[in-house]
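Everything on this sheet refers to the single structure shown next.
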Amino acid sequence: METTDWKYAAAPESTDHIKLKNRYDLFINGEFVKPNSKKYFATINPATEEKLADVADANEKDVDLAVNAAKNAYDKVWKKMPAKERAKYIFRIARLMQERAREFSVIETMNGGKPIRESRDIDVPLAANHFFYYAGWADKLDYAFPNLSTGKAGKKPESLGVAGQIIPWNFPLLMAAWKIAPALATGNTVVLKPAETTPLTALKLAELIQESGLPDGVVNIITGFGKTGAALVNHPKVSKVAFTGSTDVGKLIQKSLAGTNKKITLELGGKAANIVFDDAPIDQAVEGIVNGIFFNQGHVCCAGSRLFVQENVADIVIAKLKQRLETLIVGNPLDKNTDIGAINSKEQLDKINSYIKIGIDEGAEIYQSKCSVPTKGFFCKPTLFLHTSQSHRIVQEEIFGPVLAIQTFRTIEEVIEKANNIPYGLSAGVWTDKGSKIFNLTTKLRAGVVWANTYNKFDPASPFGGYKESGFGREGGLHGLMPYLNL
Ligand code: NAP
Ligand code: MG
100 METTDWKYAA APESTDHIKL KNRYDLFING EFVKPNSKKY FATINPATEE KLADVADANE
160 KDVDLAVNAA KNAYDKVWKK MPAKERAKYI FRIARLMQER AREFSVIETM NGGKPIRESR
220 DIDVPLAANH FFYYAGWADK LDYAFPNLST GKAGKKPESL GVAGQIIPWN FPLLMAAWKI
280 APALATGNTV VLKPAETTPL TALKLAELIQ ESGLPDGVVN IITGFGKTGA ALVNHPKVSK
340 VAFTGSTDVG KLIQKSLAGT NKKITLELGG KAANIVFDDA PIDQAVEGIV NGIFFNQGHV
400 CCAGSRLFVQ ENVADIVIAK LKQRLETLIV GNPLDKNTDI GAINSKEQLD KINSYIKIGI
460 DEGAEIYQSK CSVPTKGFFC KPTLFLHTSQ SHRIVQEEIF GPVLAIQTFR TIEEVIEKAN
520 NIPYGLSAGV WTDKGSKIFN LTTKLRAGVV WANTYNKFDP ASPFGGYKES GFGREGGLHG
580 LMPYLNL
């Protein structure tokens with residue numbers, strides 16, 4: 100199928116009703132305020148390279164104002180508010196997000212490049228569900244932790260204060276929800292910094308929060324670059340740091356916080372093994388492989404970017420995978436038929452292309468879809484590498500794009516060893532007809548999440564997080580509240 104040219108988009112979502120401002124200020128203490136830096140930077144649509152808006156670049160003074168607003172709101176309002184009252188605000192945010200789902204989806208797709216089908220069916224509903232889920236927890240925490248020695252109702256858990264939260268560009272609204280909802284439910288206040296390339300849905304969320312009537316200063320949203328993030332995590336009035344992003348920046352943050360007693364959670368990179376046994380339902384597994392690596396252009400920390408397929412079914416699985424690749428539509432993310440949208444930035448596209456070159460230089464065999472891709476904007480064809488081995492960089496390092504490294508294996512012991520022999524440990528997938536194999540693998544794979552006969556399934560009630568260089572701490576579920584509490 101080669102009908103992926105931009106001009107022939109079959110069913111593009113209209114952007115007529117989308118109201119973007121030309122210029123976005125910082126959301127501090129319930130108001131949009133001009134940055135002290137007086138600087139703004141352009142945010143673009145990666146599928147067209149057109150500018151969407153200018154966004155404020157917060158400096159240290161701005162960070163200080165935001166943190167002080169959050170601290171003040173914490174001391175004077177939020178900490179004292181009964182949990183059931185706090186819950187009402189969080190429910191209201193959830194409901195407003197559902198009402199605006201279409202607007203949020205279109206903006207997410209315009210700013211981030213992901214297919215509208217995904218932002219509409221996954222990102223935005225899941226973000227709203229995180230607010231619903233954690234709103235429900237807010238008033239149930241007080242008696243949830245019995246005193247360990249007496250078994251009777253214990254002291255109420257304490258909130259920490261101001262949470263400094265930093266998020267990446269791959270799931271901008273969803274990551275904001277993962278961060279903000281548990282912080283509010285536990286009685287903390289927030290300063291959140293979205294990624295520089297995808298600030299717009301977080302700023303729309305700021306407008307929604309303003310409208311929800313949440314007390315001023317409880318949530319502050321400040322845009323900027325890495326230095327804004329660094330100023331936030333190092334601010335002395337921040338008690339808790341929640342970071343999702345690359346392993347390199349996570350390590351920098353960890354070092355800069357050494358000795359400060361700030362609580363910290365890190366959700367970092369990944370390089371998941373997706374393992375297909377010879378007794379797996381093959382067609383279902385092929386769909387799972389495709390979803391595992393090509394969902395969100397492969398900009399997914401838990402992407403199934405390493406495929407391990409059992410030797411005796413490798414030929415059939417790979418043949419079906421190649422066939423399926425040719426049916427994937429790469430192009431206009433606003434087109435409802437698009438499977439693979441735009442790469443989030445020129446920088447990220449360059450990084451992916453450099454890894455494709457590395458793979459070829461390492462001697463792996465490349466197979467790319469024959470589809471055409473738009474000439475404007477940042478696009479990458481779905482790419483397979485066959486005959487890869489454990490020593491290849493394309494097997495060991497996170498590419499964060501639509502590139503799959505394939506290996507074969509003979510025995511279960513061999514695949515467990517290979518799957519684990521990597522610095523990361525965020526997630527994994529297992530495809531088999533045998534429940535016993537699933538139980539065996541889930542205990543032996545060093546990964547925070549293991550999916551069986553499915554992939555990339557998320558739920559607010561389910562904890563998510565990594566082993567090894569994929570970080571520590573869990574988000575989601577009851578466990579996701581713990582990093583925001585003193586018990
Ligand atoms: P990144 O470069 O580490 O950036 C993440 C965030 O940190 C951005 O807001 C970034 O601002 C900010 N930042 C950069 N330097 C900083 C510093 N020195 N101090 C404080 N903050 C700083 O990661 P990314 O490229 O946006 O995202 C991709 C990475 O995130 C991948 O490795 C992926 O695996 C990981 N990720 C992990 C999970 C998970 O749950 N484990 C989920 C999603 C993504 P700028 O945008 O201005 O650089
Ligand atoms: Mg970055």
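For the sequence shown, the working numbering assigns the number 100 to the initial residue and increments by one for each residue that follows. Positions of the beta carbon are idealized from the N, C-alpha and C atoms, including for glycine. Note that the structure is a prediction, hence the values are computed from the model and not measured.
Three-state class that DSSP yields for residue i in the structure shown
i	result
A152	strand
E101	With a pLDDT of only 39 at E101, under the threshold of 50, the placement of this residue in the model should not be trusted; the figure read from the coordinates follows. DSSP places E101 in coil when its eight states are reduced to three.
K106	Note on K106: pLDDT 42, under 50, position unreliable in the model; the coordinate value appears next. Helix, per DSSP.
W268	coil
I117	coil
F571	strand
G260	coil
L273	helix
A655	Since the first residue shown for the chain is 100 and the last is 586, residue 655 is missing from the structure and cannot be characterised.
K390	Rather than Lys, the amino acid found at residue 390 in this sequence is Asn. If DSSP states are grouped into helix, strand and coil, N390 belongs with the helices.
I428	coil
T208	helix
K303	helix
P245	strand
L503	strand
N585	strand
E295	coil
I498	coil
P181	coil
L313	coil
N128	coil
V399	coil
F230	helix
I167	Looking at the sequence shown, residue 167 is not Ile but Asn. Helix, per DSSP.
N411	helix
R122	strand
P134	coil
F508	strand
P281	helix
For residue j and residue i, believed in contact at Cβ under 8 angstroms, the rounded distance
i	j	result
L485	Y466	6 angstroms
S311	L406	About 44 angstroms; that fails the 8 angstroms criterion.
W277	H334	That belief does not hold up - the Cβ atoms of W277 and H334 are roughly 21 angstroms apart, past 8 angstroms.
I442	N436	The pair is not a contact, with the Cβ atoms about 19 angstroms apart (cut-off 8 angstroms).
L273	L313	Incorrect: roughly 19 angstroms between the Cβ atoms, too far for contact.
Y554	G403	6 angstroms
V337	G286	About 16 angstroms; that fails the 8 angstroms criterion.
Whether residue i touches residue j by CB criterion (7 angstroms)
i	j	result
A294	A237	no
Q506	T487	yes
L580	I321	no
T327	K292	yes
V317	A172	yes
V529	I388	no
A168	N128	yes
D434	P145	no
I189	A234	yes
T300	S444	no
P298	V132	no
V549	F563	no
E306	N585	no
V412	D438	no
A372	A551	no
P501	L424	no
D241	K255	yes
Ligand 3 heavy atom lying under 6 angstroms from the CB of residue i
i	result
I265	Ligand 3 is not among the ligands present in this structure, which contains only ligand 1 and ligand 2.
If we count Cβ pairs, one from each stretch, closer than 8 angstroms, do we get three or more for the region 210-222 versus the region 378-398?
-> yes
Beta strand (DSSP E) runs wholly inside the region 329-379, at least 3 long, in chain order = 337-343, 362-366 and 372-375
Between the region 198-211 and the region 114-121, do three or more beta carbon pairs fall short of 8 angstroms?
-> yes
May I ask you to verify whether the region 149-167 touches the region 175-195, counting CB pairs closer than 8 angstroms and requiring at least 3?
-> They do not touch, by the three-pair rule.
Are the region 191-200 and the region 238-247 touching by the rule of at least three beta carbon pairs closer than 8 angstroms?
-> no
Count the C-beta pairs between the region 563-580 and the region 359-375 that are closer than 8 angstroms, then say yes if the count reaches three, no if not.
-> Three or more beta-carbon pairs drawn from the region 563-580 and the region 359-375 are found closer than 8 angstroms, and the two stretches are therefore classed as touching.
Three CB pairs or more closer than 8 angstroms across the region 490-497 and the region 455-471 | yes
Which runs of the beta strand (DSSP E) fall wholly inside the region 511-575 and span at least 3 residues, in chain order?
-> 526-530 and 548-551
Three or more beta-carbon pairs under 8 angstroms between the region 344-358 and the region 505-519, yes or no?
-> The region 344-358 is not in contact with the region 505-519.
Is it a yes or a no for the region 469-482 touching the region 522-531, going by three-plus beta-carbon pairs under 8 angstroms?
-> no
Mind listing, in chain order, the continuous alpha helix (DSSP H) runs of no fewer than 4 residues lying wholly within the region 421-490?
-> As far as the region 421-490 is concerned, its whole alpha helix (DSSP H) runs of at least 4 residues are 445-460.
Check whether the region 341-354 touches the region 150-159, counting contact only when three or more Cβ pairs, one atom from each stretch, lie closer than 8 angstroms.
-> No: fewer than three Cβ pairs fall under 8 angstroms.
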